[in-house]
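One structure is given here, and the rest of the page talks about it.
This is the structure we're talking about:
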């Protein structure tokens, strides 16, 4: 960071931040054109909340940027990433205003920045200016919009408090003509206890939300039945105009039976807690491109101050005292200007076990068996239309002619089976209500034991491990799974019956399950029955529970975790895949998988990949992550440590060491060998293209004219480079030298000679 006066940076920082905002005059938008947003405050970004708003510039660079208030230039930050060219204005009102992705700043700001760059021969600068050294007036021209940094042409604009906390411009002085209500598309249901599953066998389920009567009103086509603790999620967005770009909804509230359960709003986004974006949003959905799914309940580690859970942290059923029956849920979405939409739906809350409890079984006749059931208190609220007993055979649930359900008084029923043989088929009560079916009590045919014709499989999910049993038996029975590390039995779990061929069990990441390498399954809960069906290909680790933990899949790849990497302990799985075509694929290692491919971390974890028998300095390669959507390898920031490559990762996926033999390419250079140009400040522009590792930072690009270092603007997304000649060249010949390195150390260079001359003024012709 560069000092521009004798005052120390720390004193400048204190002086700049000590102003307490008071009553403020009206603020102007920084663009003198119709304001249109492409991104909003609080939008999901990987690792942080979007701390400002993005203003559209019609897909072009060069829109004029103005100061919203009187103040002074506080800071300029120059980089090839992030904000690109960033300008900070400290207002006399005590607020800080930030502009990102600029193309050029006005002369009084640009000159000292260029002087600083030339002095140290670095593009990247972080300059704090003395108070009032560069004054600006409200409405004064400051810069032009550009495309420097991340994203297409637009202006990133922020308003911050005097102590550098981003606040929502739309709720703090900057208004828009916005009459468009928020919109919703999906509702999510997430189980929150340590064992329950939804009817689809998962822990999380999304259902479509449909517009209902009236503008801004949404609902569901189905009635939801739940009987274990759950939280809700909602997929929605806001627009400032119909057909406009989509942004995060400013405020969301969840009410159940008119009680406020959860309230979240985007008023501010402190840098201390901005990583909570991965918890406030559903990270797995965001990683798969659905970046507007918001969580309406608090989970461990979420320190975002803008959200608060009222009853059970927004989780329904957490205290176990909820009334059995029908409940009304309402999700209210408000934008920054009072436009409101709502999702309203009913759900049924059942008892922890069954709605119909079996009282007795009698056999009044030789070929008849009768099961008597009594419903729980409050069952009238379910609005049950009918009760049937369905039979389960492989791949099918259906009615049987031998089974009849007879209603009695007060909701009681008899299930009568008439058969000339002892009934062995599995039977379960199914309750038909308005727009839903509830699978209730399994009351016949669930045997204590069957043959172990079963195969276990598993999947690591957000909050645990799902183990599925693929069963080939013709009769139903209970089941159990056993989890092992080596020959040590770690624990026993009991799957839920879903159908004759499928049982599913959720296993939370308990401390005893720190390492699982074998999973067994048996078609009985009797522990005296010897386990015969095993799968020994597991490599599952519980990480995040110790101060230091190294996990591996072989003697080459190691992952290092500590408590700070994760918000809470979780499972991961490691796999190694061998490739017969390593040379053709430019691989310098096996292909590894860290599963699940997307999971929430608080800090990057360390990866160390040993490459035995190769001199890494002579064979440039690096750990890469496979972007499956783009079908390409993405180079991570690598370091060499002896015979090993080291990198960090924020999540899972596919990884390998990949060779990068190809140097960058210089394309479409605007200056040609031997040419003469009629200007003393010729435009020097080109594309710096690299196939894999990419260009790391500003020190990797060097442009010199006659051995004198030049300032180079570079946009990593478009690969475009352009020099900014601070001083005109002297008329005559000159030498251009361009040297570019990629992150693997490959170099390309280009040298040429050109000539410049002053542009000749045309002589006026005079008549005689």
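In our numbering, the protein residues as written are 1363 to 2130.
Quick reminder that beta carbons are idealized off the backbone N, C-alpha and C, glycines included.
Source: prediction; values computed, not measured.
With contacts defined as CB atoms closer than 8 Å, residue 1933 and residue 2013 fail to qualify as a contacting pair.
The C-alpha of residue 1858 lies about 18 Å from the C-alpha of residue 1712.
Counting only the Cα atoms, residue 1732 lies some 8 Å from residue 1726.
Straight through space, the alpha carbons of residue 2046 and residue 1922 are spaced by roughly 46 Å.
Annotation note: the stretch 1575 to 1613 contains no uninterrupted alpha helix (DSSP H) run of length 4 or greater. Nearest in C-alpha terms to residue 1877, of all of 1689, 1599, 1846, 1796, is 1846. When the Cα atoms are used, residue 1822 and residue 1640 turn out to be separated by approximately 18 Å. DSSP, read as helix, strand or coil, puts residue 1818 in strand. Taking a cut-off of 8 Å for Cβ pairs, the stretch 1411 to 1421 and the stretch 1526 to 1535 touch, as three or more such pairs fall below it. In this structure, DSSP gives residue 1637 a helical state, which the three-state scheme calls helix. DSSP places residue 1486 in no alpha helix (DSSP H); its state is neither H nor E. Secondary structure note for residue 1647: its alpha helix (DSSP H) is the uninterrupted segment 1645 to 1649. In chain order, 1699 place their CB closer than 8 Å to the CB of residue 1537, counting only its own chain and leaving out the 5 sequence neighbours on each side. CA-to-CA, the gap between residue 1684 and residue 1446 works out to about 53 Å. The beta strand (DSSP E) runs of length 3 or more contained entirely in the stretch 1773 to 1801 are, from start to end of the chain, 1775 to 1780, 1788 to 1795. The alpha-carbon separation between residue 1515 and residue 1926 amounts to approximately 37 Å. By the neighbour-count criterion, in which a residue is buried when 16 or more other Cβ atoms sit within 10 angstroms of its Cβ, residue 1482 is exposed. Residue range 1702 to 1711 is occupied by the beta strand (DSSP E) that includes residue 1704. Taking a contact to require three or more Cβ pairs closer than 8 Å, the stretch 1834 to 1854 and the stretch 1809 to 1822 qualify as touching. Counting only unbroken stretches of 4 or more residues, no alpha helix (DSSP H) element lies wholly within the stretch 2002 to 2068. Boundaries of the beta strand (DSSP E) around residue 1995: 1994 to 1997. Here residue 2051 is not near residue 2065, since their CB atoms are 8 Å or more apart. Taking a contact to require three or more Cβ pairs closer than 8 Å, the stretch 1464 to 1478 and the stretch 1439 to 1453 qualify as touching. Proximity of the stretch 1717 to 1725 to the stretch 1658 to 1670 falls short of the contact definition, fewer than three beta-carbon pairs being nearer than 8 Å. Closest by C-alpha distance to residue 2058, out of 1451, 2103, 1593, 1544, is 2103. Beta-bridge pairing by DSSP links residue 1983 to 2021.
For residue 1970, the enclosing beta strand (DSSP E) starts and ends at 1967 to 1972. Restricting attention to 1769, 1746, 1763, the CA atom closest to the CA of residue 1734 is found in 1769. When the beta-carbon positions are compared, residue 2019 and residue 1957 stay at least 8 Å from each other.
Minimum Cα-Cα distance from residue 1498 among the listed residues 2049, 1842, 1428 corresponds to 1428. Straight across, the Cα-Cα distance linking residue 2011 with residue 2027 is about 28 Å. Annotated three-state conformation of residue 1530 is coil, per DSSP. Membership of residue 1926 in any beta strand (DSSP E) is not indicated, and neither H nor E is assigned to it by DSSP.
In this structure, residue 1614 sits away from residue 1567, with a CB-CB distance that is not shorter than 8 Å. In terms of Cβ geometry, residue 1419 and residue 1533 do not form a close pair [threshold 8 Å]. Ranked by Cα distance from residue 1819, the options 1637, 1892, 1948, 1897 are led by 1897.
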